[in-house]
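Have a look at the structure below, then the notes.
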Amino acid sequence: MKKALYFLIPCILVSLFFTSCGKEEEESFDESLLIGKWVSGTLFYRYDSDGTGGTWDTDDDVTEEEAQPFTWTLEKSTLTHIHIMEEMGGNVPRVYTVKELTAEKLRYVDDFGKEYSFDKVYD
Amino acid sequence: MRKFFKIFFITLASLLLLLIIFISIALWYVFTPERITPIINKQAQNIFTCDFKIGKVEPTFFSTFPQFGLEVNKFVLINPVENAPNDTLLSVDRLIGSFDVMTFWRENELILSDIHLLNGTMNAHIDSLGVANFDIFVTDTTETPETEFPLDFIDLGNVKLENINFSYIDEPLKLNTSLRNLYAEIDGTIFKDSAKSHIKLNNSIISLEHAGEKYLNNAAVSMNLPVKVFKSWMLYNLNEAYLTVNDLKLFLDGSIEIDPSNWDIITDLIYRFEGWPAERALDQVPPSFQSYIDWFDVTGVVDSEGVIEGIIGSSSLPFMDMQISIKNGSYYQSGLPFPLSDINGNVNLYTDFITDELTYLKINRLNANALQSAFETKGMMNNLFSDVYFNLSTNLNLNLDEFNQIIDDSLLINMKGWVQGGIESDFFLSQAEKMELDNMKLSGSLTTSDLDFVFDSLWVRTDQSRIDFSLPNIDPSTQNTNFAYLALTSGILETGKIGDYQAFIQNADISIETSDLRDTTRIPDLICMFTIDTLSASMDTISIDLKNQYARASINPLIDKPEHPEIRLDYNSGGMKANLGNNSALINRFHLDADIINDRDQADVFQQWLVEGFIDLDQGFVNSSAFTYPVEIPSIRMDFDPEKLDIRESRMIIDKSDFELSGSLNNVLSYFREDSLLRGNFNFTSRNTDLLQLMELTSGMGIDDDRVAENRESLVSDQNIDKGENVEGKNNDTTFTGPYMVPEGIDFILSTNVKQATFGKDTAKDIRGDVSIRDGILLLDDLSFHTSAAKMQLTSMYRTPRRNHLYLGLDYKMLDIEIERLLEMIPDVDTLMPMLRSFRGQGEFHMAIESYLDSTYTIKKSTLRGASSIRGSNLVLLDGETFSEIARRLRFTRQAENRVDSLSAEFTIFREEIDIYPFLIVMDRYSAVVAGRHNFDLTFDYHITVVDSPLPVRLGIDLFGDMDNLEFSLARTRYPEFYRPARRGAVQSNQLELRRIIREALTERPDE
């Protein structure tokens, strides 16, 4: 019994430990603020209003005309990029959680906690 | 008998003695001056109409033997005529004449004959009205009945003039003649208005002036003039006469007639002279004509004979048919660099000096030397007074060195050697002056020996060459090449440009036919045929050696564009060797048959030159610094035309690679006209292929110059950036340094059948499939091949938008792959999915990935996209330590094997992140869902949700860090219901949806 108790106590503790709080309400962002060109260092994203976009990195000697295409959706705070493999026909999805979206600033994180921050670019 | 002769001679001598005594008595006592002088004076009055003076008259016998004669001392005839320079017609110291004694005895008339005039002067004059001062004889004899002197007939007997100064002025003829020291004999008779005489002059000095022109001036003259005079002294018939002036002896035979109406002289003469020194003959040319001949000097001995027939008048000259010979002559004129010597020749001149149509000069033979050079010519020359026509046959032997001084120094020409041969010419002078070569006829054959010709910096040397030429071409191959023909046969011929290039030709036989090359409105028709045993040429580091060549090339103007050429070429070479720096090419046999149209209106060079024909090549070898290995070309057979290249056979060996290419290339011209893609359909077979070398061979085709320049700059920039060097001062290497630029505007399909191919360290066998290059895209479409790791299917796309932005897409399907070998074969997979290093066994690997590369083929990580799936079962964990650690911590059973029962995973690659989507892994008593992210910096962040284990609860474990510093911690389970659809949450469903997207994308074929 004592031995069983040794097992029980940790399990209770673990259960308590892993007992999560109630789920928070997901924040929503205005996707119209997303439309346009964003830059982080040498990395650019362009969101077009039709749900398409392109990304390029000038540090790799890639121009906007050579931008690689993707489609995007923003549902509440979930920003999904489906990067389209131009010639080989594959898709590479990326899912982010938007933390901040203003006319000047875009900030989101991925599932691994990596945060990305962009500034709006006005031509 | 002797007695008879003795008596006869004594008798004859006695009679002669008596006769002499009788004559002496008669002379001394009967024919005394006192008796004869009055008689002479009396008779002179009956004969002469002018004044006269007669000195003492003495009879002679011995001086006039056998006739009796009279000697008059001081005989003078005075007949003043207006405008005559002298009143004295005749004045001589002595006048001796013979007379008939019997007539004198019976009729008391004294008729003198054989008149001999000594030491005196004669002044004959005819005034402008034709009145002569020697018209002094009485014409009416009836008034002198005492003496019967028939003046209609005068027998001059033998008139001798000795030391007489004679002057004859004929104003109508504008003739002024004087003879000094005249020694003459005149034997003749005068009958009414005609006469017959034989005039001899010896060593007299003559001056002759006609119309103010001095034709002779104190010339020593001799004459033998048998002449008959008719028609009131207007017609003179000469019979074998000769005249010597200054030792120039002229034979004359014929007639000379003076037309009193206009004083023209009508000639019908045959003349002949021999041995005239030319310079002395020219000295006789009147001063006013000296200007015509004073610009040259001529010597030699001249013979001539001929006919002079016609009128010498104010507007006409007689026809002269002259045959002229010159021996041992010489000629020099101002401006001629050397005199002509040893001139020998014979010509016929037929001329009236006025009419071109009648005049000709026939050169029977004329040869001369010029220093060491010599020529000989014969032929005809017509139209001598206008446009001279030449029809000559000339043989030459020229020392070219002697002609250098003729050539203007500014032309920088220097010649040595000899030219021998003959030239036939047929042309007018005006044609030569205007270079109307189309109307001239020139042909000949010339042989050069030891020729050394330099023009500026160009030079030609030949030991012996023969040049045959013909203008026009009398035996043309086509109607249009009848303008000229030129054939060159040479032994050894060397040519070049000083300090630039040089060529060596041995045993060349070249012939050229052409139309008029001067016609600039059209391309000439030209046919060139040649056979050349050896041709070697070199320039700088370039050299070429050709053996046993023969060819026929023709050029014709295009029918609708005559200013553009159509070229037909049939060229054969028994061997060719070329070097360009470190590059060389060797061909054992080469045959090119081509029709080429050159349309210079086209902008692009490929459209300007339209070529049709075939190439047949055997045993070629190419050594190029651009190629790592020499290229061997066993054979090439191909047909080509502007639109199509049909490779019937093409074999190539590069190092260990061998290629055999056949097929066709279409739309070539349309491609360059930008009307169509360049389409090729080829079969490529090989026993062994080095793909890198193949790429090297075709890199850069179709890339325009700007792009090439841009790319080159980009490359240099990249290289310099990589090396941290300055761009300036770099020498762009033209060798292939990559990247491979896919040709644009072409559509090639290469059906491959390669037994073995290598790409770097990788080897593939039994490669079958199509390799296509389609408008800038290199596509390996469903290429199947075997490697040591797996049977593979590969679809690959390679685009080269620009040199530093290269697209590479790969779709690998590897079945039954040994994962360990996969990592060896494609090390990049280890970067993408490092966990695979821990497994060994067979699996199935499918990966689609694309990225842009820079010019050094380095992945631009920001452009990297990929999706992959891997399936495996019974995979063995390689790293026992790792297994032990996991087994210890997860409390595996003792029977647990180092084996993963199954593995099915999808992962994506995005930039430097590899996301492994949740997959189930089953091992021993555990089932776990694994997901996470792996970064290119080899850090990772994984989560493991243990969904089945001996524990009553699900555990979550986070693994993070890197392989050298692995950290883990218990965590909240993220995928507890991942494989329980009924209980799957939204996030897990999304994850599965993403896997589906990835999987489906991998199984779909890319749109082509």
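Sequence order for the protein chains is A and B.
Residue 88 in the working numbering sits at position 88 of the first sequence, with consecutive numbering throughout.
Residue 1 in the working numbering sits at position 1 of the second sequence, with consecutive numbering throughout.
From the three backbone atoms N, C-alpha and C, an ideal C-beta is built for every residue, glycine too.
Pairing B/D516 with B/F483 gives a Cβ-Cβ distance under 8 Å.
Not a single C-beta of chain B is nearer than 8 Å to the C-beta of A/R46. Shown here, B/F134 sits in coil according to DSSP, grouped into three states, outside any helix or strand. In the DSSP assignment, B/E612 falls within the beta strand (DSSP E) that extends over W609 to N623. Boundaries around B/L669 are those of the alpha helix (DSSP H), V668 to F672, since no beta strand (DSSP E) includes it. Listed along chain B are K860, S862 and T863, each with a C-beta nearer than 8 Å to that of A/D57. In the DSSP assignment, B/L580 falls outside any alpha helix (DSSP H) and within the unbroken beta strand (DSSP E) covering P565 to L580. One thing to note: B/L396 has its Cβ no nearer than 8 Å to the Cβ of B/F427.
Every unbroken stretch of the beta strand (DSSP E) spanning 3 or more residues and falling wholly within the region 41-126 of chain B is given here in chain order: 51-54, 57-60, 68-78, 88-99 and 112-126. A/W56 is bridged by DSSP to A/F44. With respect to B/G663, B/I746 sits apart: the two C-beta atoms are not nearer than 8 Å.
Here A/V98 is near A/L79, since their CB atoms are less than 8 Å apart. Under the three-state reduction of DSSP output, B/V605 falls in the helix class. Contact with chain B is absent for A/D50, since none of that chain's Cβ atoms lies less than 8 Å from the residue's Cβ. The beta carbon of B/A84 is closer than 6 Å to those of H125 and N133 in its chain, skipping five residues each way along the sequence. Each residue's CA atom was taken as its position, placing B/N572 and B/K765 some 41 Å apart. For B/E433, no beta strand (DSSP E) segment is defined; the enclosing uninterrupted segment is the alpha helix (DSSP H) at L429 to E433. Near chain A, meaning a CB-to-CB distance below 7 Å, the residues of the region 929-953 of chain B are R933, D941 and V953.
At a cut-off of 8 Å between beta-carbon atoms, A/L106 makes no contact with chain B. Cβ neighbours of B/Q602 within its own chain (closer than 6 Å, five residues either side excluded): Q608.
When only Cα atoms are considered, B/D540 and B/T478 end up about 40 Å apart. Spanning the alpha carbons of B/F4 and B/L18 requires a straight line of approximately 21 Å.
Among the CB atoms of chain B, none fall inside 8 Å of the CB of A/F118. Straight across, the Cα-Cα distance linking B/F504 with B/F530 is about 15 Å. Interface flag for B/N804 against chain A is set, since a Cβ pair is found closer than 8 Å.
Contact note: A/L43 reaches chain B through S862, using a C-beta cutoff of 8 Å and chain order. Residues of chain A with a Cβ closer than 9 Å to the Cβ of B/Y807 are, in chain order, E86 and E87. Within chain B, no C-beta atom comes nearer than 9 Å to that of A/D30; the closest sits roughly 23 Å away.
B/L89 is a Cβ neighbour of B/N123, given a cutoff of 8 Å. B/A790 is outside the set of residues whose beta carbon lies under 8 Å from a beta carbon in chain A.
Close partners of A/D61 in chain B (Cβ separation under 8 Å): N804, H805, D854 and K860.
Between the region 159-168 of chain B and the region 178-195 of chain B, the count of Cβ pairs shorter than 8 Å is three or higher; the stretches touch.
Residue burial is scored here from C-beta neighbours: B/F390 has at least 16 other C-beta atoms within 10 angstroms and is therefore classed as buried. The beta carbon of B/D811 sits closer than 8 Å to some beta carbon of chain A.
Every beta strand (DSSP E) of 3 residues or more that sits fully in the region 739-800 of chain B is shown, in chain order, as 746-759, 762-774 and 777-786.
Considering only B/F968, B/E906, B/G956 and B/L875, the residue with the shortest C-alpha distance to B/E885 is B/F968.
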